[in-house]
Amino acid sequence: MSRPFRSLSNPNYRLWFGGAFISNIGAWLQRTAQDWIVIAELSDQNASAVGFVVFLQFAPQILLLPITGWAADRMERRKLLFITQSLMAMLALILGLLVLSGQVEYWQVCVCAFALGCVAAFDAPARHAFVSDLVSEKELSNAVGLNSVAFNSARLVGPAIAGILIALIGTGWVFMINVLSFIPLLFALYLFKKRLSIVAPNTSKATPDVAKFLDGFRYIWQYKEMTVILVMSFLICSLGMNFSVYLSAMTVHVFQGHADQYGFLISMMAIGSISGAMVTASRRSSPSFRSMIYVAALFSVSCFLVSISASFWSFAVLLILLGLSLQLFTTSTVSYMQVATEKRYRGRVMAVVLATAMGSTALGAPLVGWVADTLGARWSIGMGGVSGLIATALGFWFLHTQTKAERKESVS
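Under the working numbering, think of the first position of the sequence shown as 1, with each following residue one higher.
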């Protein structure tokens, strides 16, 4: 098998990859349907309502991060994933039945989103770590890369399918289709019970060590470049990552579109994300601090161009550039921080990077929704451009101060 797909020669990973890809498509079906039913049916086209749902779904993943990382290390991951995937299927079933019965209300969607966020908080780290149970150390890097391709490919396919299905059969049935999408992955996890000989989990520590999680913050604070990049990440992710809020608002408020147009716009942004992932994967060296500043500037320009685009089609095409710049920045951040960090601190620093990206997204979602409702949907995207501009200015300011400090040292 060719090098980019060599991990698929492993039958266990191939089974996991197929089930995870179908499950990821189902997850994007649900997310698209959930956003659409909130803005189109339950909130009188209120983008703030979508923003609050996004906040509820992402906030638990930050608050529980020290515990969930501990659980992924201390529990048997196959069992943990079987439980989380089953619970997520049940939540999709509950939401689907509520919609199909005509009894669904906004508060019920909020409760389901919060519950899903709590379950996903345990699912995500276990899912990432489980790959190491399936492949050898030599195959691990390739398998992680293929997981990213599967996720972004599902993000490309899922929303587009969801938009068409919502128009044809309604949001309720889209939730029910998501329930079915869990079956292949649950079946794979069941088969792994007999096919895998998994090492017993480490139970030497009975409780999660929050202090070690905080060590990641202390380590980053010691290095000015890493601190600046973390602040830049917070600025960009808080407003730029909330695409479900501003794209749903643009679809309804500006283009007077429907669910199929909304799904199409998310898929167009995913094309850019996949392109960004491929560009990052093709690099032979880690990104420099200066290149991170240029990518932040590209993100800012992309936001401004998208916000002023006149037609639906120009808006859709420019979303590719926005998705590209956003993916380049997020993946470059992870790559830079990994290379800049001592190996023994790498896990804790990566936990902080993940918490910053997800936490800022959760915090920014209600603000993006409020701006879309108060000032207009275009302003909610333009605000992302402003955050990118501030991040760019911060990066250049830091470079300038470093250069001045180096000159003073050379003179003295």
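Yeah, the Cβ is synthetic: ideal placement off N, Cα and C, and Gly gets one too.
Return helix, strand or coil for residue i, following the three-state DSSP convention.
i	result
S136	coil
P64	Looking at the sequence shown, residue 64 is not Pro but Leu. It is coil, neither helix nor strand.
Y223	coil
S43	coil
F243	helix
N10	coil
L214	helix
G263	helix
Q256	coil
S307	helix
P287	coil
Q30	helix
L375	coil
Q103	coil
F170	Per the sequence shown, the amino acid found at residue 170 is Gly instead of Phe. Coil at G170, not helix or strand.
Could you give the first and the last residue of the continuous alpha helix (DSSP H) run that contains residue i?
i	result
M90	77-100
M422	With the chain covering 1 to 412 only, the question about residue 422 has no answer from this structure.
F182	F182 -> no alpha helix (DSSP H), and no H or E assigned at all.
Pick from the options: whose alpha carbon is nearest that of residue i?
i	options	result
Q30	R74, M88, L42	M88
T403	E225, A377, G240	E225
W70	A92, A126, G359, Q34	A126
K343	V228, Y219, S148	Y219
S380	A40, G19, A47	A47
L100	I37, A121, L146	I37
M383	E76, M358, S307	S307
N152	V50, A391, G276	G276
L95	A33, Q85, V131	A33
T227	G18, G19, L394, P159	L394
F17	A27, I83, S148, M250	S148
L321	Q338, W313, C303, F312	C303
L265	I62, S288, Q108, S244	S244
V231	L116, T330, L318	T330
R74	Y106, Q45, F122, A49	F122
S335	G323, L319, V353	V353
L214	V349, A154, Q103, S360	V349
W28	L63, Q108, I161, G19	I161
L428	W313, L319, A362	With the chain covering only 1 through 412, there is no way to say anything about residue 428.
H253	A150, M268, V371, A115	V371
I166	A296, D35, A150	D35
A377	V157, F315, I62	F315
L375	L8, A249, E41	A249
G359	L185, L81, S233	S233
L80	W397, L186, E105	L186
F255	W313, A296, W397	W313
A40	Y262, L168, P184	Y262
W397	R290, L318, S311, D373	R290
L63	G117, R346, I229, D373	G117
A150	V386, L305, G19	G19
R346	G216, V109, G102, G158	G216
T333	S309, V111, A296	A296
I67	T392, G388, Q45, A351	A351
Might you give, ordered along the chain, the residues of its own chain that have their beta carbon closer than 6 Å to the beta carbon of residue i, omitting 5 neighbours on each side?
i	result
L15	A188
G364	S238, L239, N242
A72	P125, A126, A129
L65	A355
I164	D260
A113	V53, L56, Q57
P366	G51, F52, F55
T84	V119, F122, D123
L134	N12, Y13, W16
F192	R78
A391	M232, L235, I236, A296
Sorted by chain position, which residues of the same chain lie with C-beta nearer than 7 Å to residue i's C-beta, five sequence neighbours on each side aside?
i	result
A92	Q30, F175, N178, V179
G172	G96, V99, L100
L298	S325
A154	F21, N24, I25, W28
H270	The displayed chain sequence assigns Ala, not His, to residue 270. N152, R155, L156, G323, listed in sequence order.
S286	S335, Y336, V339
A115	L91
To which residues of the same chain is residue i closer than 8 Å at the C-beta, ignoring the five residues directly before and after it?
i	result
Y223	A340
F182	S23, G26, Q85, S86, M88, A89, A92
Y106	V38, L42, S43, A49
Q | Every unbroken alpha helix (DSSP H) inside the region 309-363 [4 residues or more] | A | 312-340
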